[in-house]
Each structure stands twice: as C-alpha cells, then as structure tokens.
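Below: one structure, written as structure tokens.
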Amino acid sequence: MKDVFIHPAAIVESKDIGGGTRIWAYAHVMAGARVGRNCNVGGHCFIESGAVVGNNVTIKNGSLIWEGVTIEDGVFVGPNVLFTNDLYPRSQRLPQAQGRYRDKKSWLLPTVVKCGASLSAGAVLLPGVTIGEYAAVAAGAVVTRDVPSHALVKGSPARASGWVCECGARLVIINGLGDCTRCGLRFQEANAGTLLTREIRSAQ
Amino acid sequence: MKDVFIHPAAIVESKDIGGGTRIWAYAHVMAGARVGRNCNVGGHCFIESGAVVGNNVTIKNGSLIWEGVTIEDGVFVGPNVLFTNDLYPRSQRLPQAQGRYRDKKSWLLPTVVKCGASLSAGAVLLPGVTIGEYAAVAAGAVVTRDVPSHALVKGSPARASGWVCECGARLVIINGLGDCTRCGLRFQEANAGTLLTREIRSAQ
Amino acid sequence: MKDVFIHPAAIVESKDIGGGTRIWAYAHVMAGARVGRNCNVGGHCFIESGAVVGNNVTIKNGSLIWEGVTIEDGVFVGPNVLFTNDLYPRSQRLPQAQGRYRDKKSWLLPTVVKCGASLSAGAVLLPGVTIGEYAAVAAGAVVTRDVPSHALVKGSPARASGWVCECGARLVIINGLGDCTRCGLRFQEANAGTLLTREIRSAQ
C-alpha cells in the first residue's frame, strides 16, 4: 500500500487501505476491513473485517467500527463513537443463544453513515440506523432511529434539534428558507420538518 | 494455562484464565483477575486485579472491568461498557480525600451481572447494582438501580422497557403469560411488573 | 524526567511529566502535553499535544484529553471520560469544511476542570464548559453548560442534583447551611441555588 502511514504501534492486517491514509498508535485494522484514501484513523481504534470506510474520513481515537457498518466519504467519527450490529445481543457462548449466531443473517443489522455526516464524541448508534448526508449527531447522543440529511440530533434517545449546513454550521430556517451564515450555501425546506435540500450552490 | 489464546499484543499477567478463552490485541488482564473457560476478551479491554469473570462470557472491545465486579456465566458485555465501584469518587491524590482511600471498605461497592445477562454497547453501571439473570441493558443506558431478571432497561437513567427471553428475543406478555416466538420458552409473571419465571422448558 | 514510571507498553513523547507520576499500559502521551507531579494516567489513555494536566490528578483508563483541555490539581477523571473541543465538528478532510480548520481560532474551544473536581465514568463534556472546584459530574452525564463549584450534576443533559464536599461526600443543606458528615467541613449557600462557600475549615 502506497503512501499509507502506519504507526509502529498499530496493527494493520488489511491490504485495502487507500493512499494518504494515516493510522495511529494502538489502532487495529483487521484483514478484510476496507479504508479509503486520505483518512485519519485515531489511536486505539478498532476496524473489524467487513467494515467499509470511504475517502476523506476522520475517525477520532477509540472508535470501534464493526462488520455491517458503512461509513461514506467525508464523514467525521468522533472519539469513542459506538456502533452496534445486533439488536438483541447475547453471548454467542451462551447455549440458549448459540443457534442464532450460526448465521449472520439472523442477527447482523447494517448501519450506514452517509456522505459528510458527523458523529460527535461518545455517540451510540443502535443497530440498523442510517445517518443522512451532512447530518450531525451531538456528543453523547443515543441514536435509535434514522436521522434525516442535514438534521442535528441530540439526547438519549436522540431527538431532532435543528439543521446544519454541509460546512457544519447551524442553519436558521425562516419561512422554509435559510442561508448558511458561514459558507453561504442556501437551503429550502422540502417536506416540512423532515428534509432540507440545497437550493443553489454559491461560489466557494 | 492450557488452550488459552493470548494475542501477541495483549498483556496477560493473571494465571487464572480458563481453557478455550481468547484474549485479543491491546487487552490487559492484571494479575489476580479471574477469567473462566471459553470466554472471548476483546481488544483494548482492561480487567483489574480482583475482578471475576465466569465461563462462556463474551466481552467486546474496550470494556473496563474493575475490582468489585463479578460477571457470571454466559454474560454478554458489549463494547466500551463501563463499570464503576465508587459512588463519590475523588482523586486518591487529593489531600482532602486520601483518608477515604486508605481502606477499600470505605469506598468499594460490588457489582454483579448474573448468568446470561447482556449489557449493550456503552452501557454505564453505577456502583453497587445487580443485573438479574438474562436481563438486558440497552445500548447507552445508564443503570442507577438493580435490574430484575429478564427485564429490558433503557435510557438515562435506565427505565424498564419490556422483557427478554433467555435467547435474547423480546417477550410479549398477555394476561401474565408469554411464549418466546423464537425459542419457545414459556414465561409467567410472578409479581406483577417485577419478575418473570420460566414456566416450562420446551425442547430445544 | 525523574521518578516517572512509564509502563513498557506505553508511549510517552512528552518531556514535561512531573515527578512521581505513573503512566500505564497502552497509554499515549504526545509531545507537547504537560502532566504534573504525582499523577496516575491509566491504561489506554490519550493525552494530546497542548493538553495541560495539573498535580495529584487521577486519570482512569481510556480517557481522551485533547488540546484545549486544562485539568487542574487534584481532579479525578473517571474511565472513558470524553472531552471535546469543537462545537460543530466535520471531517477536516471534507472539502466544504477545510476552510474552518486552517486556523484553530475558528473551531477550538477550551475546557477547564477546576481544582478537586470529579468526572465519573463515561461523562461527556461539550466544548467550552468549565467544571467548578470540587464539583462532581455523575457517571454517564452529558455536560452541556458550566457546572458551579461543589455542584453534583447528572443525566443527559446534565442537571443539578445536589452538592458535594471537598472530600466527595454528599452535603445536606438546611436553611442555607450544611456540615459534611464525613469530614466536618462547613458550608454556606452564597447565592441561592448557585454556589456554596466553605465557611470554616475544621481540623483534619
């Protein structure tokens, strides 16, 4: 793998790491995990076989990414973010539960974090949720259902709390329209209370 | 220790690990910790001197298990599960608090996770709680009091939210009786709203 | 550095560690981080360049301490405590967000944990908060605003729940006055519901 930085105290067993990606101390990337180009994988992270990470992704320290999790391009995964992939977990070594764990189809639910979204520190995602494009999950939030694009959610369980721009700034929507005061992108409410679409892309 | 797998990047100082147990990268099991047979201790876990882990236990990555914690057979400890053992912690190096830390009896509270229970990702257990047999703590829950057998609790603070079978599936109780639709075990409400007992064990 | 214990499996790149401090397995202290005298830095901790830790601080396992965080003397940082320093994080590799990350002044907010305070297991601190002297943040709490001195806060978001003494014990305040039943310190309400001041220091 060309142009991949692997800290001497990291373990990287995957052969599928994109150029420009850096992996820091005590991180462990298993064989069969895929990590794209130009990513940063913080110290103490764990990326399991079967997990898929896109390009330009920042994964802060201590996050754990399992099989069944797909992280698209440009996502921010804060420190100690927790994914899950089993809605009713039991020890696979418990005799009463072993039957369920013979076949992944019986228990493994996928999670998708779409392009440009942010998961802040310590966020917990229940199995099977999808985080929409450019959405933001607040620190310590427990996400129990899908999060729409550009939505900000917070709390336990996580509830809608506002909207955020592609650049990350809060958006103020008045009469269904809003301009980002930081980067100038314009937004329009598509379905009241559910979705925002970019109206016109201003020059950057 | 026979038939114990220890990843080359793990530190295992305990001599009390049961056969068939596997301990993964960057985990640290201190001398004086006890881990039973046929367990899986995920990467980045820490098991302190004095902690007791039974047989057939699954401990996912990054969980921290302190002195005072007892984990019985067949338990599932999800990733980054947090135990605690001190209700009013201060730095032991703070002069005003040093007196309390001279004797463990002044501060150390025990936690017990009973046979077959599950603690999902990022669950936090306050000191001194007992998690009943086959109970389930949802992801991100903060457990501040004892959890009855077979109960499902979620939220911060964790509240009762339903019942689960030995196999992990949700149970629907009607008129005090319920059959598990997955494994067929039968349940009966013992004391309204507090406990379920297995009525008849169906063939598996 | 004299009298500093560094576990053979830790990485300590900082030259600014005080005497008597111990740093445990799989911890990583970056160059440019400052840690005072007589501290304990637990296993799997990460202390970033620019972070400042005082004397007599206990940092339990797995805590992550970033640039912008100042921890004063005698503080207790429980296991997996999460600090943050960016209110609207995005991947720095996302083209739409890169502008903001060119200059730390655009995004980095400071956090201060004052003398003698305690942050229990899994507490999450939003960026920019100050935790007052001898305050206590309960396990699993998500702190979204400043915490007054001696206050106990809990929940998500964290709310005031009582008062604690310098020694850590709960205080009962009656008619604006309270004595600590454990260590004998006396307290007086300064501004109703907001602050307690030590009235007289009893002999210890």
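Residue numbers (numbering that gives the first Met the number 0), protein chains in the order written: chain B, 0 to 203; chain C, 0 to 203; chain S, 0 to 203.
Note that the Cβ used here is the ideal one computed from N, Cα and C, for glycine as well.
Spatial neighbours of residue i within its chain, please: CB distance less than 6 Å, with the 5 preceding and 5 following residues excluded, ordered by chain position.
i: B/Ser13; result: Val28, Ala30, Ala32
i: C/Ala135; result: Ser117, Leu151, Val163
i: S/Val111; result: Thr69, Thr129
i: B/Ser155; result: Val141
i: C/Val171; result: Gly177
i: C/Ile10; result: His27
i: B/Asn39; result: Arg21, Thr57
i: S/Cys44; result: Ala26, Ile58, Ser62
i: S/Val123; result: Leu81, Val141
i: B/Asp15; result: Arg33
i: S/Gly131; result: Lys113, Val146, Pro147, Ser148
i: C/Val74; result: Val56, Val112, Ala116
i: C/Ala96; result: Arg89
Answer with buried or exposed for residue i, where buried requires no fewer than 16 other C-beta atoms within 10 angstroms of its C-beta.
i: C/Ser201; result: Only weak support exists for where C/Ser201 lies, its pLDDT of 48 falling under 50; the value from the coordinates is given anyway. The residue is exposed, with fewer than 16 neighbouring Cβ atoms inside 10 Å.
i: B/Leu176; result: exposed
i: C/Val146; result: buried
i: S/Gln203; result: Only weak support exists for where S/Gln203 lies, its pLDDT of 43 falling under 50; the value from the coordinates is given anyway. Label assigned to S/Gln203: exposed.
i: B/Asp102; result: exposed
i: B/Ile173; result: exposed
i: S/Ser105; result: exposed
i: S/Pro94; result: exposed
i: S/Arg158; result: exposed
i: C/Leu108; result: exposed
i: C/Gly18; result: exposed
i: B/Ser4; result: Before going further, note that residue 4 of chain B is Phe rather than Ser in the sequence given. Flag for B/Phe4 reads exposed.
i: S/Arg89; result: buried
i: S/Gly98; result: exposed
i: C/Arg144; result: exposed
i: S/Met0; result: exposed
Here's a check: name, in chain order, each residue in its chain whose Cβ is nearer than 8 Å to the Cβ of residue i, leaving out the five neighbours to either side.
i: B/Asp72; result: Gly35, Gly53, Asn54, Asn55, Val56, Cys114, Gly115
i: C/Ala120; result: Lys59, Gly77, Pro78, Asn79, Val80, Ala138, Gly139
i: C/Ala189; result: Leu195, Thr196
i: C/Cys166; result: Cys179, Arg181, Cys182, Leu184
i: S/Asp85; result: Trp106, Leu107, Leu108, Pro126
i: S/Ala168; result: Cys179, Thr180, Arg181, Cys182
i: C/Phe186; result: His149, Trp162, Cys164, Leu170, Ile172, Leu176, Gly177, Asp178, Cys179, Leu195, Thr196, Arg197, Glu198
For residue i, which residues in chain C fall below 7 Å Cβ to Cβ?
i: B/Ile10; result: Ala8, Ala24
Give the residues of chain C in contact with residue i, contact being defined as C-beta atoms less than 8 Å apart.
i: S/Thr69; result: Within 8 Å Cβ-Cβ: nothing; S/Thr69 doesn't reach chain C, min ~16 Å.
i: S/Val56; result: Ser90, Arg92
Who are the neighbours of residue i on chain B, taking C-beta pairs under 7 Å?
i: S/Ala96; result: Cys166, Gly167
i: C/Asn37; result: Arg92
Could you pull out every residue in the same chain whose Cβ sits closer than 7 Å to the Cβ of residue i, ignoring the five residues on either side in sequence?
i: S/Lys153; result: Ala137, Ala140, Ser160
i: S/Ala50; result: Ala32, Ile64, Trp65, Glu66, Val68
i: S/Tyr133; result: Gly115, Ala116, Ser148, His149, Val163, Glu165
i: C/Glu47; result: Met29, Ala32, Ile64, Trp65, Glu66
i: B/Trp23; result: His6, Ala9, Val40, Gly41, Gly42
i: C/Thr83; result: Leu124, Leu125, Pro126
i: S/Asp2; result: Gly18, Gly19
Which chain B residues are close to residue i, counting only those with a beta carbon under 8 Å from its beta carbon?
i: S/Leu274; result: A query on residue 274 of chain S cannot be resolved here, the shown segment of chain S reaching from 0 to 203 and no further.
Using a C-beta to C-beta distance shorter than 9 Å, which residues of chain C count as neighbours of residue i?
i: B/Gly61; result: His43, Gly61, Asn79
At a CB-CB cut-off below 9 Å, which residues of chain S make contact with residue i?
i: B/Ala30; result: Those within 9 Å of B/Ala30 in chain S number zero; the least Cβ separation is about 22 Å.
Just the chain S side, please: which residues come within less than 7 Å of residue i by C-beta, in chain order?
i: B/Ala50; result: Those within 7 Å of B/Ala50 in chain S number zero; the least Cβ separation is about 17 Å.
Applying a beta-carbon distance threshold of less than 8 Å, which residues of chain S neighbour residue i?
i: B/Ala189; result: Neighbours of B/Ala189 on chain S: none; closest Cβ ~20 Å, over 8 Å.
Quick check: is the beta carbon of residue i nearer than 7 Å to any beta carbon in chain E?
i: C/Ala116; result: The chain labelled as chain E is not found among the protein chains of the depicted structure, namely B, C and S.
Query raised in the report: Counting only runs that start and end within the segment 59-96 of chain C, where is the beta strand (DSSP E) found for 3 or more residues in a row?
Result: Taking only runs of at least 3 residues, the beta strand (DSSP E) segments lying wholly in the segment 59-96 of chain C are 68-70.
**Report entry** Against chain B: residues of the segment 71-83 of chain C by CB proximity under 9 Å
**Finding:** So the list reads Asp72, Gly73, Val74, Phe75, Val76, Gly77, Pro78, Asn79, given in the order they occur along the chain.
Report task. Could you list the residues in the segment 159-181 of chain C with a C-beta less than 9 Å from some C-beta on chain B, going in chain order? Result -> Residues passing the 9 Å Cβ filter: Val163, Cys164, Glu165, Cys166, Gly167, Ala168, Arg169, Arg181.
Query raised in the report: the segment 97-114 of chain C: which residues have C-beta closer than 7 Å to a C-beta of chain S, in chain order?
Result: Close to chain S, meaning a Cβ-Cβ distance shorter than 7 Å, are the following residues of the segment 97-114 of chain C: Arg99.
Query raised in the report: What residues from the segment 118-133 of chain C come within 7 Å of chain S, judged by C-beta to C-beta, listed N to C?
Result: Within the segment 118-133 of chain C, the qualifying residues are Val123, Leu125.
**Report entry** Selection of the segment 140-157 of chain B by Cβ proximity to chain S, strictly under 7 Å
**Finding:** Across the segment 140-157 of chain B, CB contacts with chain S closer than 7 Å involve Gly154, Ser155, in sequence order along the chain.
Requested in this report: Report the residue ranges of all beta strand (DSSP E) runs contained in full by the segment 105-186 of chain C; include only those spanning at least 3 residues, in chain order.
Outcome: Fully enclosed beta strand (DSSP E) runs of no fewer than 3 residues occupy 110-112, 150-153, 158-163, 176-178 of the segment 105-186 of chain C, in order along the chain.
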